[in-house]
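**Q**
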Amino acid sequence: MRAISEATGQLAWVSENLGAPILNTGAYDAATNSVYVGTSDGRFWRLDAATGQTIRSNRPGGEIRMAPLLVDDTILIGSTSGDFYAFDKESLSQRWMYPAGAPLIGSAAYSPNYGGLIILLAEDRSVHAVRAVDGARWWRVVVNADRDPLRNDRSFNDTYPVVSDANDVVIIRSYIDWDKMWQPAGGAQSTVSAIRTWLTQNPTYQSFFVLRLANGTSPYVAPVMAGAIGNGGDFESVPPQAVVKRLPDNSEVAYLLWRNRQACLSACDGREDTTLGEMDLTTGNIRFVRDYKNAGTMRLPTDEQSPLSMAGDTLLHAHWMLLGSVRITERSPGRGDSYSNPILTSEGTPVLNTLSSGSCSTRSNHYCPQGMYSPGEGFPVDPGFYIYYSNTRVYDPPYWTTPVRSAIISNGVIYWKSNDGAIIALQSSWIPPTPTPSNTPTATLTPTDTATPTSSPTASATPTDTATPTSSPTASATPTDTATPTSSPTASAT
Numbered sequence: 001m002r003a004i005s006e007a008t009g010q011l012a013w014v015s016e017n018l019g020a021p022i023l024n025t026g027a028y029d030a031a032t033n034s035v036y037v038g039t040s041d042g043r044f045w046r047l048d049a050a051t052g053q054t055i056r057s058n059r060p061g062g063e064i065r066m067a068p069l070l071v072d073d074t075i076l077i078g079s080t081s082g083d084f085y086a087f088d089k090e091s092l093s094q095r096w097m098y099p100a101g102a103p104l105i106g107s108a109a110y111s112p113n114y115g116g117l118i119i120l121l122a123e124d125r126s127v128h129a130v131r132a133v134d135g136a137r138w139w140r141v142v143v144n145a146d147r148d149p150l151r152n153d154r155s156f157n158d159t160y161p162v163v164s165d166a167n168d169v170v171i172i173r174s175y176i177d178w179d180k181m182w183q184p185a186g187g188a189q190s191t192v193s194a195i196r197t198w199l200t201q202n203p204t205y206q207s208f209f210v211l212r213l214a215n216g217t218s219p220y221v222a223p224v225m226a227g228a229i230g231n232g233g234d235f236e237s238v239p240p241q242a243v244v245k246r247l248p249d250n251s252e253v254a255y256l257l258w259r260n261r262q263a264c265l266s267a268c269d270g271r272e273d274t275t276l277g278e279m280d281l282t283t284g285n286i287r288f289v290r291d292y293k294n295a296g297t298m299r300l301p302t303d304e305q306s307p308l309s310m311a312g313d314t315l316l317h318a319h320w321m322l323l324g325s326v327r328i329t330e331r332s333p334g335r336g337d338s339y340s341n342p343i344l345t346s347e348g349t350p351v352l353n354t355l356s357s358g359s360c361s362t363r364s365n366h367y368c369p370q371g372m373y374s375p376g377e378g379f380p381v382d383p384g385f386y387i388y389y390s391n392t393r394v395y396d397p398p399y400w401t402t403p404v405r406s407a408i409i410s411n412g413v414i415y416w417k418s419n420d421g422a423i424i425a426l427q428s429s430w431i432p433p434t435p436t437p438s439n440t441p442t443a444t445l446t447p448t449d450t451a452t453p454t455s456s457p458t459a460s461a462t463p464t465d466t467a468t469p470t471s472s473p474t475a476s477a478t479p480t481d482t483a484t485p486t487s488s489p490t491a492s493a494t
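The letter at position 469 of the sequence shown is residue 469 when you use the numbering used here, and the numbering goes up by one with no holes.
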């Protein structure tokens with residue numbers, strides 16, 4: 001395990017060799033300044049976050065492929081053995097163990113509702129709710145899921161539950177076969193009701209489930225058809241999870257990648273119908289969100305759906321070629337009923353993996369003020385930041401691999417790890433103008449949005465680099481224009 005400096009990106013420490021691959025992210029506990037991580041040989045580690053030195057470890061058994069989950073003074077982890085453990089976060093002594101009955105690959109999530117529940121995904125296609133206090137089963141349900149033939153026939157690779165405490169529900173995504181992307185012909189239907197009817201009549205195409213935390217039942221068939229990172233006849237991942245946003249009135253909505261043939265820019269098929277949507281989790285109704293689709297900020301083919309994350313009003317889409325973002329600016333009730341009348345957004349500044357060498361002579365500090373292109377790609381990208389300047393696409397061929405993760409936000413900084421392992425950090429350099437005295441007072445612009453947790457779990461550990469189990473970034477402030485450059489953009493990259 002490695003730690004890098006937030007300020008500079010320089011290496012801070014390297015842990016001892018832990019003996020086996022780390023297949024997911026770790027969890028950090030500020031109270032003890034500890035980092036927890038699992039390895040594929042079934043060992044679970046507690047490291048000193050300041051130095052990387054091992055404090056202690058134990059061996060739950062099986063392969064550890066999920067991220068640890070930290071809830072108060074308990075650290076939780078499961079493995080391919082099918083057992084899910086709760087340990088004391090300091091001693092790593094066992095508090096309880098829950099036998100799920102099938103391998104645990106996807107990461108877990110926490111809700112404080114009903115005294116505290118842990119949501120688990122087991123490879124027999126079952127979803128479990130377990131009491132956090134003692135590991136007793138609250139409920140267990142089975143959802144529709146296919147198995148990925150190229151990923152050991154698993155159904156919950158690289159995914160996690162997303163909890164909405166305010167709506168008392170949890171969102172589950174499951175693997176779906178590539179061939180199902182092509183039905184119905186002409187793309188997903190043009191209305192919520194038509195999509196829901198089709199999925200009700202064809203339940204093996206369902207891969208998005210909203211379940212009540214109280215008992216695991218579903219209040220409705222979610223009108224969401226599957227898309228994911230795919231290539232050569234196979235989806236390489238579970239469809240990207242939704243993110244949950246808490247609104248000023250403490251209600252919550254979900255933002256997601258949504259298929260609807262209204263979003264097709266020309267001839268429509270299953271690969272051209274993806275856009276952004278806002279879901280009412282009480283009814284399952286979805287409203288259109290302006291996506292600037294394929295216009296230089298977001299790349300949204302259905303077989304290139306990539307992880308989402310959110311802070312404040314800014315929604316980020318981490319495609320392997322570029323990190324795109326939009327900021328929601330107006331979501332009044334009269335908007336979102338059609339693709340031509342969406343919830344309004346403004347474009348954020350994109351971050352391109354590879355800027356074609358020989359282009360953008362005015363580039364500086366990993367920023368190009370002109371339109372950008374990747375080598376050999378016909379997709380134009382707006383002025384923005386880039387990681388590499390090369391005549392070959394650094395992100396290709398590993399574009400379909402699981403290291404494609406979402407951006408994370410912390411202390412007003414956006415961090416994006418590209419699929420080749422590079423990390424770029426971006427922070428707004430916008431400074432509020434100094435007011436000029438005049439006879440007529442003039443309002444001074446100040447940042448208005450602070451990153452709002454999308455749910456209210458006390459869990460501080462989150463799965464994968466992509467998104468958290470509750471999809472709530474740890475940001476304490478969000479750049480007001482998603483790292484929009486000014487005359488002096490600031491960026492660091494490694």
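Yeah, the Cβ is synthetic: ideal placement off N, Cα and C, and Gly gets one too.
With distances taken Cα to Cα, identify the nearest neighbour of S164 among A254, M1, S374 and S406.
**A** Ranking A254, M1, S374 and S406 by Cα distance to S164 puts A254 first.
**Q** Considering A263, what are the terminal residues of the beta strand (DSSP E) in which it resides?
**A** No beta strand (DSSP E) contains A263, which DSSP labels as neither H nor E.
**Q** Kindly indicate which residue of N157, A12, I172 and M279 has the alpha-carbon position closest to the one of R405.
**A** Considering only alpha carbons, the answer is N157.
**Q** Roughly how many angstroms lie between the CA atoms of I408 and G336, to the nearest whole one?
**A** Spanning the two alpha carbons is a distance of roughly 27 Å.
**Q** T349 to N365, Cα distance in whole Å?
**A** If you take the alpha carbons of T349 and N365, they lie about 15 Å apart.
**Q** Determine the burial state of D88: buried for a count of at least 16 other Cβ atoms within 10 Å of its Cβ, exposed for fewer.
**A** Its Cβ having fewer than 16 others within 10 Å, D88 is exposed.
**Q** Please work out which residues of its chain come closer than 6 Å, Cβ to Cβ, to M372, disregarding the five sequence neighbours upstream and downstream, and give them in chain order.
**A** For M372, where only same-chain residues beyond five positions count, the Cβ hits under 6 Å are L352, L355 and V381.
**Q** Please go through the same chain and pick out, in chain order, the residues whose beta-carbon is closer than 8 Å to the beta-carbon of S190, but skip the five residues on each side of it.
**A** Closer than 8 Å at the Cβ level, and outside the excluded window around S190, lie N260, R261 and Q262.
**Q** Got a sec? Which residues, its chain only, sit under 8 Å from G296 by beta carbon, not counting five neighbours each side?
**A** These residues qualify, in order along the chain: E347, P350, G371, P380, V381 and D382.
**Q** Nearest by alpha-carbon distance to R299: which of T275, M279 and T283 is it?
**A** It is T275.
**Q** Okay, do the region 194 to 207 and the region 105 to 123 touch, 3+ Cβ pairs below 8 Å being the bar?
**A** Touching, no.
**Q** Can you give the beta carbon distance from N207 to P239, rounded, assuming they're within the 8 Å contact cut?
**A** The question names Asn, but residue 207 is Ser in the sequence shown. Right, their Cβ atoms sit about 6 Å apart.
**Q** Can you tell me whether A254 is helix, strand or coil according to DSSP?
**A** Of the three classes helix, strand and coil, the one that applies to A254 here is strand, per DSSP.
**Q** Give me the residue from L76, L18, D29 and I22 with the minimum Cα distance to T54.
**A** The option with the nearest alpha carbon to T54 is L18.
**Q** For D269, which residues from the same chain have a beta carbon less than 8 Å from its beta carbon, with the 5 sequence-adjacent residues on both sides left out?
**A** Closer than 8 Å at Cβ, skipping near neighbours: W182, A185, G186 and G187.
**Q** Using only alpha-carbon positions, find the residue among A27, P375, V143 and L316 that is nearest to I176.
**A** Closest by alpha carbon: V143.
**Q** Do you know offhand how far R39's Cα is from S111's?
**A** Reading off the sequence shown, one finds Thr at residue 39, where the question assumed Arg. The straight-line gap from Cα to Cα measures roughly 26 Å.
**Q** Please return the same chain residues whose Cβ sits closer than 6 Å to the Cβ of D390, not counting the five positions on each side in sequence.
**A** Reading the sequence as shown, one finds Ser at residue 390 and not Asp. Correct list, in chain order: T354 and S357.
**Q** Counting beta carbon pairs with one atom in the region 317 to 328 and one in the region 279 to 297, are three or more of them shorter than 8 Å?
**A** As far as the Cβ criterion goes, the region 279 to 297 touches the region 317 to 328, which means the pair count is three or higher.
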